[in-house]
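Chains Z and F, in that order, give the protein sequences. The opening residue of the first sequence carries number 9 in my numbering; numbering runs sequentially from there. The opening residue of the second sequence carries number 413 in my numbering; numbering runs sequentially from there. We treat Cβ as the ideally placed atom computed from N, Cα and C, and that holds for glycine. Please read these numbers as outputs of a predicted model, since none were measured by experiment. Report on the following structure.
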Amino acid sequence: MSLLEIDGLTIRYADSPAPAVSDLNIVIERGEAIGIVGESGSGKTQTAMAIMGLLPANADVSGSIRFDGTELRGATPTVLNRYRACRIAMVFQDPRTALNPYVRIGKQLRRVLLEHRMCGRAEADVRTLDMLQKVGLPDPERQFRAFPHELSGGMRQRAMIGAALIGEPDLLVADEPTTALDVTVQAQILRLISELHTETNSALLLITHDLGVVAGNCERVVVMDKGCMVEEGLTREVFNEPVSARTEALLSSAPRIDSEVMSKPIDTDADPVLEIEDIAVSFRERRSSWGERLHAVKPISLSLGECETVAVVGESGSGKTSLARAVLGLLPADAGRVSFLGRALPSHVGARRNKVRRNLQMVFQDPLASLNPAMSVREIVAEPLRIHESGMKKEERNKSVDTMLTRVGMEAELAGRYPHELSGGQAQRVAIARSLILQPKVLICDEAVAALDGTVQHEILKLLLTEQANSGLSLVFITHDLAVVRQISHRVLVMYMGRLCEIAENETLFRRPRHPYTKALLSSVPVIDPEASAVDAPLAGEAASALSPPTGCPFHPRCPHAIAVCNEEIPELTQCNSTLVACHRAADLDLSY
Amino acid sequence: MSAFSALRPVARYIRASRMVAICVLFLLLVALVALAGPLLSPNDYISTDFDNRFGAPTMQGMQFFGTDEFGRDLFSRTLLGIQVTLFVAVIASIVSLGIGVIYGATAGFIGGKVDAVMMRAVDALYALPFVFLVILLMVAFERNFLLIFVAIGAINWLDMARIVRGQTISLKHREFVDAARLIGVSTPGIIWRHITPNLFGVVVVYMTLTIPQAILVESFLSFLGLGVQEPQTSLGALVNSGITHMGRAPWLLIIPASVLAFILFCFNFLGDGLRDVVDPKNKT
């Protein structure tokens, strides 16, 4: 008897014609690691929720879910509770919302044991501390008493995994356990999950959209699309010789760090379009009454040439977005200067002239948040024209909106829709259409593709590059995804805690990183290759708080190559062959691949 | 386009929820009967008939609801009561809407010290005991129909101002406002085209919830004898006099009270329904 047998599982909702999951068959053996991959809306999470019995009441479920021989579909909460946590446990996607903010971490873990009467209170405390230690939380005694908000995202996800594993389940369901995390933390968590999986011999069901995550961690993989299983098999076989066209499409569109470079070579001698000199941004720390300031961006300079794509990478909190907003005049900069075509710009967007404004545009991270929910697609895309081309007649305007929408790959019928009626990909296309309709010279994309599925992401990137080829657009691409960087950038700028670590040409950076942080980022990216093992030595720890930055080089507490001087002096940005790097050991370290 | 585009989401909400549609229909029906009824009925609300005091409801002479202690036709009086009550509710809501939205949006959009001062003023007004305030007003200015509107509006706008302020603050930091700034939309343009239409849904919902509140306050004041004066009447005043004769002619209490309850239910359901539709979680 297998551990879990899903047989003909179908999930329907009354308000949608197509089933969320249709006729799904999956068998999980004891101690096995299996991955479910698919794009959003493919029914992955619905399947996980069905196993846990957490589907909303209006879901119509048929088929069977047998766990260790017992039917779980339609079982009463009392029966399900006998299985939840002690036989089947789940790790949720977002550690920020899955932990109860009012209950101390230790109590949340201990509760699992007490609720199921697995042991007495004293023993529960001991086992909880053990578990916190096991999931790699530093100083478990202190974390036991900590509230969730006192922990960083990565730490919280560790605590979540602890809570899931403390009941020693036979099956661990992990639904996108690392999607909300930075790439270096993702590597740590994945390593932790697969270590614990081997150690405790529990089965693992890993649900993700990231093929790289599955490649390194699962023996078997199920590919889902629109609620149906399109392929199933050993990870190696599926990845090397996909049978279904859908799997092939997923594999080929997934951004990979070893993929081909899509950007065209450019002329580097031309005058820069946009120059940034020593821009610095800080915020007043709200909790501090002493007027302490949080330095989000330390002085940074950069120049951007015509047709050039500069990628800005770094973990969350590294100051990428603050930099972009300061350049565009949405955030007041403490110091520094932004000049466009050789002329200095006022620091606030409201004070800039229309001629300049139309040339500096931005695409925001969350496509839905950046579109006014009360305006139709047509109104949104037409708004820039109404302001900058006030002489234009209504028909002309509508015509150019239609042309623009076609150019970004949207059907003209969608022009009458409202943002909430659009999918994420469509909404981002609308946002791009709005920012491109004035034919700007510079477009800043802040994580513009992070929220999108692989295939959609690929299309949007292609679209941006086409625009670049057609109109000489310069792009600043802010992202945490190195695979995207590899595909589209000419130059890459690596930031850590508001400082520049490294600036290098695309090719140079990926072949021969000079800064240990760059190297760590590169090696944390999961590779879509089942032969390549999981990340061997993920970077330990997480970035320190920007309020109390470490002395010396901000990266030195996590740096495997740190020496005494790193603790004392902040490294200057120096030239090292063709790379600009801020590291004391840049000259003597060889980090190349 | 703006005035109409602002109404568009509301039309969408009404279409989206059956409960909302039914409530709107009922309320329109009640208002229509209240307005057209007196034209059709042979009785008026003012003539007394001492031979027919406490008459039971009858089809004869169209005295559907019977007569009161002065022999006045209760049907006509109830219709008048509905008119007055709805009128009070709508005027009070408009007063609270006008002051509350402008006050709240200003405080929210300007922010900083201005916001702090404006909102502390609201807090101070909250602290005043309402009934005491109304009695003082009545004593100072004689009994006056208009005074009721002022009194009710004056308390309702406080809630509205808080709600609108909160909403404005959250909208102000949304990315679409930044996107509008980048495009070059002026500040008035941002407020008019980007903030206001998005406030609209919440304000409409909140208004449907303040209307029953205003109705209740008016009924309460009339019940205390501080509200509408004879021979004018409101549903609250009718209930009040109905209570006096509860033992002898229960319909004098039951009928106006049921009508009042029905109207309150409609508004409350309407508010709940609209809130469900406006809630982004219910949007797909």
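Identify whether residue i lies in helix, strand or coil by the three-state DSSP scheme.
i	result
C94 of chain Z	coil
T187 of chain Z	coil
L583 of chain F	helix
S48 of chain Z	coil
N342 of chain Z	Checking the displayed sequence, the identity of residue 342 of chain Z turns out to be Asp instead of Asn. Coil.
I113 of chain Z	helix
M505 of chain Z	coil
N33 of chain Z	strand
R292 of chain Z	strand
I564 of chain F	helix
E131 of chain Z	helix
I556 of chain Z	Here the sequence assigns Ser to residue 556 of chain Z, which means Ile is not the residue at that position. In this structure, S556 of chain Z counts as coil in the three-state DSSP scheme.
T696 of chain F	The predicted model places T696 of chain F with a pLDDT of 37, which falls under 50 and marks its position as unreliable, so this point remains unresolved.
G350 of chain Z	coil
E455 of chain Z	coil
P280 of chain Z	strand
A485 of chain F	The sequence shown places Asp at residue 485 of chain F, not Ala. Correct three-state label for D485 of chain F: strand.
L336 of chain Z	helix
M413 of chain F	Residue placement at M413 of chain F is flagged as unreliable, the pLDDT there being 40, under the threshold of 50; a coordinate-derived value is accordingly withheld.
Would you mind reading off the limits of the beta strand (DSSP E) that contains residue i?
i	result
Q369 of chain Z	L368 to V371
P307 of chain Z	R301 to G313
F485 of chain Z	S482 to T487
P392 of chain Z	Per DSSP, P392 of chain Z belongs to no beta strand (DSSP E); it is in the alpha helix (DSSP H), V385 to H396.
L212 of chain Z	A211 to T216
D68 of chain Z	A67 to F75
L12 of chain Z	L12 to Y21
D233 of chain Z	R228 to D233
C584 of chain Z	T582 to C584
L242 of chain Z	C236 to L242
V357 of chain Z	Neither: V357 of chain Z is in no beta strand (DSSP E) and is coded neither H nor E.
Taking all protein chains shown into account, decide if residue i is buried (16 or more other Cβ within 10 angstroms of its Cβ) or exposed.
i	result
T529 of chain F	Going by the sequence as given, residue 529 of chain F is Val instead of Thr. Exposed, because fewer than 16 other Cβ atoms sit within 10 Å of the Cβ of V529 of chain F.
E40 of chain Z	buried
G177 of chain Z	In the sequence as presented, Gly is not what sits at residue 177 of chain Z; that position holds Pro. Buried, since its Cβ has 16 or more Cβ neighbours within 10 Å.
V526 of chain F	exposed
A56 of chain Z	buried
F557 of chain F	exposed
E475 of chain Z	buried
L402 of chain Z	Note on identity: in this sequence residue 402 of chain Z is Lys, with Leu being the wrong assignment. Classification for K402 of chain Z: exposed.
E249 of chain Z	exposed
E283 of chain Z	buried
E184 of chain Z	buried
K407 of chain Z	exposed
With a Cβ-Cβ cutoff of 8 Å, do residue i and residue j count as a contact?
i	j	result
I682 of chain F	T620 of chain F	As written in the sequence, residue 682 of chain F is Leu, which differs from the Ile given in the question. Yes, the pair counts as a contact, with Cβ atoms nearer than the cut-off.
A341 of chain Z	A304 of chain Z	no
R4 of chain Z	I536 of chain Z	Only positions 9 to 601 of chain Z appear in this structure, which leaves residue 4 of chain Z out of reach.
P557 of chain Z	M505 of chain Z	yes
L173 of chain Z	A106 of chain Z	no
A58 of chain Z	Y21 of chain Z	no
T622 of chain F	M572 of chain F	yes
T307 of chain Z	D286 of chain Z	Before going on, a small fix: residue 307 of chain Z reads as Pro here, not Thr. Yes; because the gap between Cβ atoms is below 8 Å, this pair is in contact.
V335 of chain Z	V320 of chain Z	no
A519 of chain F	R593 of chain F	no
I445 of chain Z	M400 of chain Z	no
L483 of chain Z	T329 of chain Z	no
L490 of chain Z	L529 of chain Z	yes
I19 of chain Z	V99 of chain Z	no
Determine the extent of the alpha helix (DSSP H) in which residue i is found, giving its start and end residues.
i	result
G613 of chain F	T608 to F635
A491 of chain Z	L490 to I496
R442 of chain Z	G432 to L444
L473 of chain Z	G462 to S479
R153 of chain Z	P148 to R153
I274 of chain Z	Note, I274 of chain Z: premise wrong, no alpha helix (DSSP H); not H, not E.
L549 of chain F	F542 to F553
C574 of chain Z	Per DSSP, C574 of chain Z belongs to no alpha helix (DSSP H) and is neither H nor E.
- Message: Under 8 Å, with one C-beta from each stretch per pair, do the segment 240–251 of chain Z and the segment 435–448 of chain Z reach the 3-pair mark?
- Response: no
- Taking 8 Å as the threshold, find out whether the segment 478–493 of chain F comes into contact with the segment 658–671 of chain F through three or more Cβ pairs. yes
- Evaluate the contact criterion for the segment 191–199 of chain Z versus the segment 160–170 of chain Z: three or more CB pairs, one atom per stretch, below 8 Å. yes
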